[in-house]
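Report on one structure; see the data block that follows.
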Amino acid sequence: MKTIFLTFLACLICFCGQAADKVSYTEADRVVFDRYVSEMKANKSLSTGELMVKTARFFLGTPYVAATLEMEPERLVVNLREMDCMTLVENVVALTRTIQSENPSFETFCKNLQALRYRNGEIHDYTDRLHYTTDWIFENQRKGIVKDVTSAAGGVSLPVNVSFMSTHPDSYKPLKENPELTARIAAKEKEINARPYYYIPETEINRNATGIKDGDIVCFVTTIKGLDISHVGVVCRVGDKLTFIHASTTQKKVIVNDAPLQEYVESIKRNSGIMIVRPNVLLK
Numbered sequence: 028m029k030t031i032f033l034t035f036l037a038c039l040i041c042f043c044g045q046a047a048d049k050v051s052y053t054e055a056d057r058v059v060f061d062r063y064v065s066e067m068k069a070n071k072s073l074s075t076g077e078l079m080v081k082t083a084r085f086f087l088g089t090p091y092v093a094a095t096l097e098m099e100p101e102r103l104v105v106n107l108r109e110m111d112c113m114t115l116v117e118n119v120v121a122l123t124r125t126i127q128s129e130n131p132s133f134e135t136f137c138k139n140l141q142a143l144r145y146r147n148g149e150i151h152d153y154t155d156r157l158h159y160t161t162d163w164i165f166e167n168q169r170k171g172i173v174k175d176v177t178s179a180a181g182g183v184s185l186p187v188n189v190s191f192m193s194t195h196p197d198s199y200k201p202l203k204e205n206p207e208l209t210a211r212i213a214a215k216e217k218e219i220n221a222r223p224y225y226y227i228p229e230t231e232i233n234r235n236a237t238g239i240k241d242g243d244i245v246c247f248v249t250t251i252k253g254l255d256i257s258h259v260g261v262v263c264r265v266g267d268k269l270t271f272i273h274a275s276t277t278q279k280k281v282i283v284n285d286a287p288l289q290e291y292v293e294s295i296k297r298n299s300g301i302m303i304v305r306p307n308v309l310l311k
C-alpha cells in the first residue's frame, strides 16, 4: 500500500509541477521515455524512415486507449503508456526527432510533441490543437517537419469538406455550450476546405507502392460526411508485403497489421484511399 501511495504521489507531483508549462505526464511516462532512449541511441545514425519504423515497433503491444488528450484547461498531454492511432503517430515522430537531436532529453521530446500537435506550436485553448489530420499535415509541412508526398506517389485530386466538429459541438466537451470556440473551429474548417489535397484511390495503392516508403505516415481517407481522415499509421514492409503499424481499435493495442495495405483499405467500407506523409530529416 505504501508503494502504491508513493507512486501516486510521484505522478501527482509531475502533473502539478508542470502545470504552469501546460504539460501533464506521469513518472511512468518518463520511465518509458528513458527506456526508449537507452534502446534507440545506438540507432541514431539510421535514416529517418528506419528510425520511424523502429520507434513504432518499440510500442508494439501498447494498449489502445482513446481520448487521452482531453484535459481542461488545454495542456500538452504526454502519454507513452496508452495510445490511439494519432497519438501513436505523434509520439513516433516526436521521439524520432528527439533521438536525432543533439540533446535527446525528455524536455526536448515534449517540445517536439507540442510543435507537432498544436498550431504554431503554441497552446492557448482547445482550438489550437490540430484536430483534423489534413490540417495537421498542412501545418507540419509548413513547419518543415513532414512533407505530403501523396501527389508525387501517384495521387489524384481529393476534395475535402470538413465540418463535423462545428456541426456536432455537443460531441466535444470544450465546444459544448461554448459558441465562441465553435465559431473558431468553423472558421478554421473553411480554411482547411479551401486547400488542395491529393489521395491514392484504394484500388491504386499496389500500383503506386514504389512511391510509398517505410516510415511514411499513412492516412486513411474516409467518406464519412464532414470528416477527412479516419485512421493513421506508420508504413512498414514485412518481407515483400506493404503494410503498416498502428494502434488498432479492434485488437486494442499497437500491432503490425496482418493484411497488406491495399487489402486493409478495401476491407473498410468507408475508406476510399490513402494520403502519404513523409517525416523530414531533422536539421541540426
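Taking this note's numbering, the leading residue of the sequence shown gets 28, the next gets one more, and so forth. Just so it is clear, CB atoms sit at the ideal spot from N, CA and C, and this is done for glycine as well.
- Close CB contacts of T135 within its chain, under the 8 Å cut and outside five residues either way in sequence, are with T125, S128 (chain order).
- Counting along the chain, no beta strand (DSSP E) covers N130, and no H or E run does either.
- With a 10 Å radius around the Cβ and a threshold of 16 neighbouring Cβ atoms, A69 comes out exposed.
- In this structure, the CA atom of Y225 is about 5 Å from the CA atom of G182.
- The C-beta of L87 has fewer than 16 other C-beta atoms within 10 Å across all chains shown, which makes the residue exposed.
- The distance from the Cβ of C246 to that of I301 is about 6 Å, consistent with a contact at the 8 Å cut-off.
- Take K203, set aside five residues on each side of it, and the residues of its chain with a beta-carbon closer than 7 Å to its own are P196, D197, in chain order.
- L185 and E231 have their C-alpha atoms roughly 14 Å apart.
- Counting only the Cα atoms, R264 lies some 13 Å from A83.
- Taking the C-beta atoms as reference points, L115 is found nearer than 8 Å to V281.
- Partner residues in the beta bridge of I256, as assigned by DSSP, are V248.
- Non-local beta-carbon contacts of A213 in its own chain, meaning distances under 7 Å to residues more than five positions away in sequence, involve S193 in chain order.
- If you check the CB distance, E109 and T123 do not come in under 8 Å.
- In the displayed model, D155 falls within a helix according to three-state DSSP.
- Your pair S257 and R211 does not check out as a contact, with CB atoms roughly 24 Å apart and the cut at 8 Å.
- One alpha carbon belongs to I219, the other to T161, and they sit about 7 Å apart.
- Sequence-distant partners of L208 (beyond 5 residues in either direction) whose C-beta falls short of 8 Å from its own C-beta, in its chain, are D152, Y153, T154, P201, L202.
- Shown here for E101: same chain residues with a beta carbon closer than 8 Å to its own, the five before and five after excluded, namely K49, I150, H151, D152, Y153, D155, R156, P201 in chain order.
- Beyond the five residues adjoining it in sequence on each side, N139 comes within less than 7 Å, by CB distance, of A121, R124, T125 in the same chain, given in chain order.
- Secondary structure in the region 157-185: the beta strand (DSSP E) runs of 3 residues or longer, each lying completely within the stretch, are 173-175 in chain order.
- Across the structure, L107 and T89 are spaced so that their CA atoms are roughly 8 Å apart.
- Our two residues, I244 and T270, have alpha carbons roughly 11 Å apart in a direct line.
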